[in-house]
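**Student:** Under our numbering, think of the first position of the sequence shown as 301, with each following residue one higher. Where is the CB? At the ideal position from N, CA and C, for every residue including glycine.
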Amino acid sequence: MDTELDSVVVTTAVMHEGSQPGVDDTAMDLDHHPLLNDLVLSTLADFIDKSDLTNFRRVCGKWKDAVEWKFRQECWVNLCNQDRLYKFLQDFQRDLLQTAIPQGPSNIPFDAFSLAEIQFAKGAITSPNKHTRPHPMDLNHHLFYNQLLPSVKQLQLKPEYMSIGQFRKLLRAVGESLRVLEIQLDENITTRTRIFRRDDEMVELRNLRKIRWMTDLDVLQNAEEFNGWSTDGSFNVGFLKELYASAWSLQYLECPVDPSNHLQAIHQLIDLSRNPFHSLHTLKLGVLNQIGFETLVSLGKQGLRLRELSVEGIGGHVLSRTLTEVLSQQKETLSILDLGKVIDKNREHVLLIELPHLRNLKHLKLYFSCKMRFQSADLFKKIPKLRQLYIAGDTVEKDCLKGFYQLQNSMPSLRKLEILLQYEVHYENLAGFSEIFPNVTALTLGKPSKNALKILWTLWPELRELKIITACHHIDEVMSGIPIETCQKMLAGRDYDQDILDWYCDEPSIRELKKLQRLEINVQLSSKFHSLSCLPSDVSAYMALMHLPELRYLVIHRSLISNEASAKLDESMANWTSKIDPIQLRYDETIDAFQFHRNHQKFMKLLCRYPHQSLHMLPDFMTSLWMNNQLDL
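Structure below.
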């Protein structure tokens with residue numbers, strides 16, 4: 301593949317030319333290896349270096365029929381480089397009619413390029429900058445617009461600069477085949493009108509299902525700086541009307557910036573009966589002010605019914621009665637409701653959120669802040685089918701949750717609970733939640749204390765997923781059951797025989813969650829949980845791994861710690877590397893343990909020496925090799 305391609309045109313499986321230097325091909329005869337099942341190959345897709353793909357695929361006979369589609373890479377063609385565009389289009393034209401996967405290396409960035417496959421491709425376009433002269437309309441340009449683009453179903457437009465004419469030409473080229481449009485445009489386009497209708501010619505995007513507006517802004521931070529009002533994305537309502545009028549089948553709209561203008565454009569279209577928008581069922585909005593909520597009320601009166609409503613921030617002196625009216629209009633259809641943070645810190649009155657009877661609501665997300673209160677009376681009677689509850693909040697607002705703690709009835713339907721509060725979650729809080737939600741199987745905690753984690757296996761023994769956003773200071777002890785003093789001695793001396801011995805486990809631990817399938821610690825979120833203070837050692841991680849029979853996915857992120865802390869961790873880590881394929885291990889590059897992506901070639905050779913080893917027993921087998929000093933990675 302030409303590694304100098306710059307911008308995405310089509311995404312398909314990638315073929316790399318040449319093999320990785322230093323790889324012994326004869327030692328990697330993996331055609332019928334029992335360990336290389338679909339699950340293992342799928343895991344390799346996340347870890348193997350892209351430069352090794354050609355060699356690995358050539359020697360692995362199971363590749364084509366297993367998970368070749370997992371190896372996807374976006375291949376970019378930059379419109380401002382005419383030579384690269386010409387070469388790409390030449391290769392594309394030469395291989396356009398091929399219907400089989402090429403047996404040898406290909407000069408184009410695609411393995412299979414039949415017309416049927418390109419119809420399911422994903423494309424993205426970048427445009428020339430302001431100082432680049434326009435391309436001549438030669439044959440290859442016509443090939444690009446007339447043969448490639450009309451087959452693209454998903455298009456991403458994020459240019460530094462794009463002329464109005466080029467923008468119209470791109471949309472006309474994709475035409476009725478386009479299903480998904482991800483877009484971020486310069487003001488020279490978004491402030492203009494008569495782009496989609498010109499000389500009685502209308503750009504039609506009849507089959508467009510999803511529009512996602514992109515932004516480089518931190519929407520909430522930007523809104524807080526300007527007291528609930530957005531300052532980015534100057535969208536002309538006329539431009540938006542023209543765009544949405546061409547999207548007859550729009551179902552999903554995501555607009556993080558200036559959502560009120562987008563809603564007004566849709567509202568005017570409905571008033572003019574040009575586009576009834578009967579199929580629109582999902583709105584994901586940024587910071588919405590009072591005008592935006594009033595427009596939602598008007599849209600509801602015109603017949604708009606939503607399955608999902610997500611508002612990242614509430615600002616602009618939104619009135620409680622307006623929000624209540626919006627929810628009441630959507631009570632029969634709403635399945636997902638996400639109400640974000642109240643941005644306007646200077647508002648005089650508290651925003652009271654009182655839910656109507658939402659009989660089909662299954663996912664509820666609430667952000668408690670200083671100017672918001674949640675009316676929880678008869679909550680469970682109003683949302684009887686709720687399965688996921690997400691609660692976030694500021695540090696000073698502990699009183700906001702009292703309504704939940706004081707509820708007398710339980711909600712047996714709830715399966716997933718996320719508590720991401722800025723203050724530490726104690727065991728009393730979890731005990732109260734366990735009485736209300738006894739059947740939780742997936743739990744996410746923002747800042748759990750040691751005692752809170754230690755009662756998890758008592759409160760919810762059926763847990764299958766556990767995510768800890770910020771680990772407590774005694775996470776090693778909680779994971780392994782080994783007292784912290786013993787853990788420290790083991791780390792200092794690095795006695796490898798002690799790492800897996802049960803008699804050091806004096807206390808209950810996460811190992812008691814026998815049905816746990818996913819364990820994630822210090823997961824990186826965008827919700828400003830940046831104080832990652834304590835991280836599990838390889839000892840406790842390995843202990844938890846070896847004693848959780850159902851565990852299939854383990855993630856421990858370390859990328860947010862300082863360089864000094866990373867150096868100290870590296871000093872205490874064992875100098876061995878293992879990758880246990882049934883379990884997806886994703887460690888940051890600051891740790892040596894389980895760092896498979898640096899040693900995958902050696903690991904593959906190791907597996908080839910034991911072709912009859914079962915996948916199910918691989919963890920124990922790897923342990924035995926390690927203890928006998930035979931794990932020579």
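I'd like to know whether the C-beta atoms of T582 and Q551 end up nearer to each other than 8 angstroms.
**Tutor:** Locating residue 582 in the sequence shown gives position 282, counting from the first residue. Locating residue 551 in the sequence shown gives position 251, counting from the first residue. The answer is yes: Cβ separation under 8 angstroms.
**Student:** M779 by DSSP, collapsed to three states: which one?
**Tutor:** For this step, residue 779 is matched to residue 479 along the sequence shown. In the structure shown, M779 sits in a helix (DSSP, three-state: H, G or I).
**Student:** Taking T515 and V557 to be in contact with their CB atoms under 8 angstroms, please state how far apart those CB atoms are, rounded to whole angstroms.
**Tutor:** Looking up residue 515 in the sequence shown gives position 215. Looking up residue 557 in the sequence shown gives position 257. 5 angstroms between Cβ atoms; contact.
**Student:** Could you name the residues of the same chain whose beta carbon sits closer than 7 angstroms to that of V650, not counting the 5 residues immediately before and after it, in chain order?
**Tutor:** As a position in the sequence shown, residue 650 is number 350, starting the count at 1. Only K671, M672, R673 meet the Cβ criterion.
**Student:** Which runs of the beta strand (DSSP E) spanning at least 3 residues fall entirely within the region 635-695, listed in chain order?
**Tutor:** Counting only runs of 3 or more, we get 636-642, 651-654, 663-668, 672-675, 688-693.
**Student:** Specify the secondary structure class of A547 as computed by DSSP and reduced to three states.
**Tutor:** In the sequence shown, residue 547 corresponds to position 247, counting from 1. Three-state result, A547: coil.
**Student:** Express the C-alpha separation of L813 and K767 in angstroms, rounding to a whole number.
**Tutor:** Here residue 767 refers to the residue found at position 467 of the sequence shown. Here residue 813 refers to the residue found at position 513 of the sequence shown. Distance between the alpha carbons of K767 and L813 is about 13 angstroms.
**Student:** From the DSSP output, read off the bridge partner residues of E554.
**Tutor:** Position 254 of the sequence shown holds residue 554. E554 pairs with R512, K584.
**Student:** For E476, count the other beta carbons within 10 Å of its own beta carbon; 16 or more makes it buried, fewer makes it exposed. Which is it?
**Tutor:** Reading the sequence shown from its first residue, position 176 is the one you call residue 476. Answer is exposed; the Cβ neighbour count stays below 16.
**Student:** Residues in the same chain with beta-carbon distance under 7 angstroms from L759, minus the five sequence neighbours each way, listed in chain order, please.
**Tutor:** Counting from 1 along the sequence shown, the entry for residue 759 is found at position 459. Counting only Cβ-Cβ distances below 7 angstroms, and skipping sequence neighbours, we find L730, A731, S734.
**Student:** Ignore the nearest five residues each way along the sequence and tell me which others in R659's own chain have a CB closer than 6 angstroms to its CB.
**Tutor:** Here residue 659 corresponds to residue number 359 of the sequence shown, with the count starting at 1. If we look at R659 and ignore the five residues flanking it on each side, it has no Cβ neighbours.
**Student:** When we look at the beta-carbon of K584 and count the other beta-carbons within 10 Å, is it buried (16 or more) or exposed?
**Tutor:** Against the sequence shown, residue 584 aligns to sequence position 284. K584 should be labelled buried.
**Student:** Would you tell me roughly how many angstroms separate the C-alpha atoms of P409 and Q454, rounded to the nearest one?
**Tutor:** On the sequence shown, residue 409 is found 109 positions in, with the first residue counted as 1. On the sequence shown, residue 454 is found 154 positions in, with the first residue counted as 1. Any answer about P409 is weak, because its pLDDT of 31 lies below 50 and its placement is not dependable; what the coordinates show is given next. The alpha-carbon atoms of P409 and Q454 are separated by roughly 18 angstroms.
**Student:** Taking just the CA atoms, how far does R472 sit from R479?
**Tutor:** If you number the sequence shown from 1, residue 479 lands on position 179. If you number the sequence shown from 1, residue 472 lands on position 172. Going from the Cα of R479 to the Cα of R472 covers about 14 angstroms.
**Student:** V855 lies in the beta strand (DSSP E); which residues open and close that run?
**Tutor:** On the sequence shown, residue 855 is found 555 positions in, with the first residue counted as 1. Looking at the DSSP string, the run of the beta strand (DSSP E) that includes V855 is 853-856.
**Student:** Does the Cβ-Cβ distance between S710 and P738 come in under 8 angstroms?
**Tutor:** For this step, residue 710 is matched to residue 410 along the sequence shown. For this step, residue 738 is matched to residue 438 along the sequence shown. Taking 8 angstroms as the Cβ cut-off, S710 and P738 qualify as a contacting pair.
**Student:** Over the uninterrupted alpha helix (DSSP H) stretch that includes I736, give me the two end residues.
**Tutor:** As a first step, residue 736 is located in the sequence shown; it is residue number 436 there, counting from the start. Segment 727-736, the alpha helix (DSSP H) holding I736.
**Student:** Using 8 angstroms for Cβ pairs, my map puts V537 next to A565. What's the rounded Cβ distance?
**Tutor:** Here residue 537 refers to the residue found at position 237 when the sequence shown is read from its first residue. Here residue 565 refers to the residue found at position 265 when the sequence shown is read from its first residue. Sure, about 5 angstroms apart at Cβ, within 8 angstroms.
**Student:** Report the partner residues of E765 according to the DSSP bridge assignment.
**Tutor:** The count along the sequence shown starts at 1 and reaches residue 765 at position 465. Answer is A742, R818.
**Student:** From the DSSP output, read off the bridge partner residues of V626.
**Tutor:** The sequence position of residue 626 within the sequence shown is 326, counting from 1. DSSP lists no partner for V626.
**Student:** May I ask which residues mark the beginning and end of the beta strand (DSSP E) holding I721?
**Tutor:** If you number the sequence shown from 1, residue 721 lands on position 421. First, the amino acid is wrong: residue 721 is Leu here, not Ile. First-last of the beta strand (DSSP E) with L721: 716-721.
**Student:** Where do the N-terminal and C-terminal ends of the alpha helix (DSSP H) with V611 fall, by residue?
**Tutor:** Against the sequence shown, residue 611 aligns to sequence position 311. Run containing V611: none in the alpha helix (DSSP H); it sits in the beta strand (DSSP E), 608-614.
**Student:** Mind reading off the beta-carbon distance from L508 to A547? Whole number of angstroms is fine, and I expect it under 8 angstroms.
**Tutor:** Stepping through the sequence shown from its first residue, residue 508 is reached at position 208. Stepping through the sequence shown from its first residue, residue 547 is reached at position 247. Between A547 and L508 the Cβ distance is about 4 angstroms, and since that is below 8 angstroms, they are a contact.
**Student:** Can you grab the Cα-Cα spacing for the pair E542 / L505, in whole Å?
**Tutor:** Looking up residue 542 in the sequence shown gives position 242. Looking up residue 505 in the sequence shown gives position 205. So the alpha carbons of these two residues sit roughly 11 angstroms apart.
**Student:** Cβ atoms of H567 and T595: under 8 angstroms apart, would you say?
**Tutor:** Taking the sequence shown and counting its residues from 1, one reaches residue 595 at position 295. Taking the sequence shown and counting its residues from 1, one reaches residue 567 at position 267. Yes, these two residues count as a Cβ contact at 8 angstroms.
**Student:** Which of the three DSSP states, helix, strand or coil, is assigned to V618?
**Tutor:** Translated into the one-based positions of the sequence shown, residue 618 becomes position 318. DSSP places V618 in coil when its eight states are reduced to three.
**Student:** Near L686, which residues of its chain fall below 7 angstroms by C-beta distance, leaving aside the five closest residues on each side in sequence?
**Tutor:** Counting from one through the sequence shown, the residue named residue 686 turns up at place 386. These residues qualify, in order along the chain: L661, K662, L664, M711, S713, L714.
**Student:** Using only alpha-carbon positions, find the residue among S669, D776, L743 that is nearest to Y723.
**Tutor:** As a position in the sequence shown, residue 723 is number 423, starting the count at 1. Here the closest residue by C-alpha is S669.
**Student:** Tell me whether the beta-carbon of I719 lies closer than 8 angstroms to the beta-carbon of T741.
**Tutor:** On the sequence shown, residue 719 is found 419 positions in, with the first residue counted as 1. On the sequence shown, residue 741 is found 441 positions in, with the first residue counted as 1. Cβ distance not < 8 angstroms, so I719 and T741 don't count as in contact.
**Student:** Can you tell me which of the three DSSP states L481 falls into?
**Tutor:** By one-based count along the sequence shown, residue 481 stands at place 181. Looking at L481 - three-state DSSP - the assignment turns out to be strand.
**Student:** Could you please give the first and the last residue of the uninterrupted beta strand (DSSP E) stretch that includes L457?
**Tutor:** For the purposes of this step, residue 457 is taken as residue 157 along the sequence shown, with counting starting at 1. Looking at the DSSP string, the run of the beta strand (DSSP E) that includes L457 is 454-457.
**Student:** Cutting at 7 angstroms between CB atoms, please list the residues of its own chain near Q675, excluding the five before and the five after it.
**Tutor:** Taking the sequence shown and counting its residues from 1, one reaches residue 675 at position 375. Only L652, I653, E654 meet the Cβ criterion.
**Student:** Can the beta-carbon of E765 be found closer than 8 angstroms to that of K815?
**Tutor:** Translated into the one-based positions of the sequence shown, residue 765 becomes position 465. Translated into the one-based positions of the sequence shown, residue 815 becomes position 515. No. Outside cutoff.
**Student:** Could you tell me which residues DSSP puts in a beta bridge with P748?
**Tutor:** Residue mapping note: residue 748 aligns to position 448 of the sequence shown, counting from 1. Paired residues: V725.
**Student:** Hey, how far is the Cα of H726 from the Cα of S749?
**Tutor:** The residue labelled residue 726 in the question sits at position 426 within the sequence shown. The residue labelled residue 749 in the question sits at position 449 within the sequence shown. Each residue's Cα considered, the two are about 6 angstroms apart.
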